[in-house]
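Protein chains in written order, with this note's numbering: chain R, 75 to 254; chain E, 2 to 322.
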């Protein structure tokens, strides 16, 4: 039987995102030229939450969505039915600061794909990476600039991030030793 | 998720389920956007080699496939019958086996014989996509027609679509009939009795003898090209006569008193099956069809590549981030 540990509940997740939002603004010296880009699917919702915190009392921060399915390096391993989601980015990445937002950072391959895809849309001045959970296990030299929660996991573990918009609740769970 | 993939080949819509057809249409949506990007290219099929094997003249379909392949970063080779060893009498299977011996991944084939794509698919390991085989099927054309109808009406189910003209010689008509019926549309065919095969009535297709009635009945007309090159003689008295009796003209459409959407698979015989002011009019979706064609072909190539037989042996990246 798999064991499930709740790592973050809804209030903890909100606090975490608020803290990250503060760090993003601090590191970027404001929100000028900033674009928040969520990776499909839960990264998109998380980016929208961050945008609320970051844009508080100021102009709204432009948002984008990135679906990296077509940039994966393992098409033949995705299974018989790859699902491709929407990609939409605000015009003109040149000179902007792009903050990539994803739920979980693991092997780093998704972020590698996202960087490749962004490069096909333009040349931002700077790209930063923001994740809610860094679970270790990197297969590529990629690190996040902003992290909500860092933990050590093994390959059999699963980190489940739920967001209200898609899953009905906000939570982060660690699932250990369960069947896939 | 037990959604089936597409299998190895795409030979016709007759062999696909409604669910598989919808999968292709849904997958085409994000690919529309790829063609609007500053760099119209994604690396999804990088390293795949695709041969476009065309035993019949084609401009639109071949170019559309080629764009789709290139926008997915595949490597492509075009083989036309003239100037290849096909003109020296090599059989279809020998041609394909020789290509396969050069380690290709996919074949897009157009052939004058019905069933050629399926025949080839059963004999080689590569994915085979039918780009039109004789009078049999032209599945990607029907898929792009379905996508264009869905864009325009927001649905396929319940739509009334009349396929007009030379249904007998038309693989486009056959593929459309299968696709439309599977997705719940009502289908009629309309044209000269010599060009309307009766067997479609058994599938639930309505046969409407007069173009005026078809226009009156339909939400959309798919106006087929009069395939002059496939007709020996005797099917129609003359082109002018055809236009007078079956031509889709502005006057005839005006009588419907509402908009009837016009599709045409191209190339058009202007002034024969369709008048210029209809083809270029506001109800025409003929150019959106062409745009959608690239997205549909990208979706088909992508889905077939993803369903390649070797996917099982690779590790499951279900939770890979």
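Ideal placement from N, C-alpha and C gives every residue a C-beta, glycine not left out.
query	result
Applying the 10 Å Cβ sphere with the 16-neighbour rule, what's the burial state of residue 191 of chain R?	buried
Where residue 319 of chain E and residue 34 of chain E are concerned, what is the direct C-alpha to C-alpha distance, given to the nearest angstrom?	At residue 319 of chain E the pLDDT is 41, less than 50, meaning the model places this residue with poor confidence and gives no usable figure here.
Quick one: residues in its chain with C-beta nearer than 7 Å to the C-beta of residue 69 of chain E, no 5 flanking neighbours on either side, listed in chain order?	295, 298, 299 and 302
With 8 Å as the threshold, decide whether the Cβ of residue 45 of chain E is near any Cβ in chain R.	yes
I'd like to confirm the pairing. Which residues does DSSP put opposite residue 165 of chain E in its beta bridges?	E:191 and E:224
Between residue 304 of chain E and the rest of its own chain, which residues show a CB-CB distance below 8 Å, the 5 nearest in sequence each way excluded?	6, 7, 24, 25 and 28
For the region 210–221 of chain E and the region 158–165 of chain E, state whether three or more C-beta atom pairs, one from each stretch, are separated by less than 8 Å.	yes
Which chain E residues are close to residue 159 of chain R, counting only those with a beta carbon under 9 Å from its beta carbon?	31
So which residues of chain E does residue 195 of chain R contact, with C-beta pairs closer than 8 Å?	38, 39 and 40
Please report whether the beta-carbon of residue 315 of chain E lies at a distance below 8 Å from any beta-carbon of chain R.	Legend: pLDDT at residue 315 of chain E = 35, less than 50; position of this residue unreliable, no value from coordinates given.
Exposed or buried, what is residue 204 of chain E when buried is set at 16 or more other beta-carbons lying within 10 Å of its beta-carbon?	exposed
In chain order, which alpha helix (DSSP H) runs of at least 4 residues are fully inside the region 287–312 of chain E?	287–307
Suppose you measure from the CA of residue 221 of chain R to the CA of residue 87 of chain R; what does that come to, to the nearest Å?	12 Å
If you reduce the DSSP assignment to three classes, tell me which class residue 194 of chain R lands in.	helix
Relative to chain C, which residues along the region 115–141 of chain R have a C-beta separation below 7 Å, given in chain order?	Going by chain labels, chain C is absent from the structure shown, which instead holds the protein chains R and E.
Using a Cβ-Cβ cut-off of 8 Å, state whether residue 206 of chain R counts as contacting chain E.	no
Which residue comes first and which comes last in the beta strand (DSSP E) that contains residue 246 of chain R?	245–250
Please compile the residues from chain R whose C-beta is within a distance smaller than 7 Å of the C-beta of residue 28 of chain E.	158
Quick check on residue 34 of chain E - is its C-beta less than 8 Å from some C-beta in chain R?	yes
Please list the terminal residues of the continuous alpha helix (DSSP H) segment that includes residue 176 of chain E.	172–183
Would residue 192 of chain R count as contacting chain E if we go by Cβ distances under 8 Å?	no
Name, please, each residue of chain E whose Cβ falls closer than 7 Å to the Cβ of residue 189 of chain R.	Neighbours of residue 189 of chain R on chain E: none; closest Cβ ~12 Å, over 7 Å.
Assuming residue 272 of chain E contacts residue 244 of chain E under a Cβ cut-off of 8 Å, what Cβ separation, rounded to an integer in Å, is found between them?	6 Å
Go ahead and pull the three-state DSSP assignment for residue 280 of chain E.	helix
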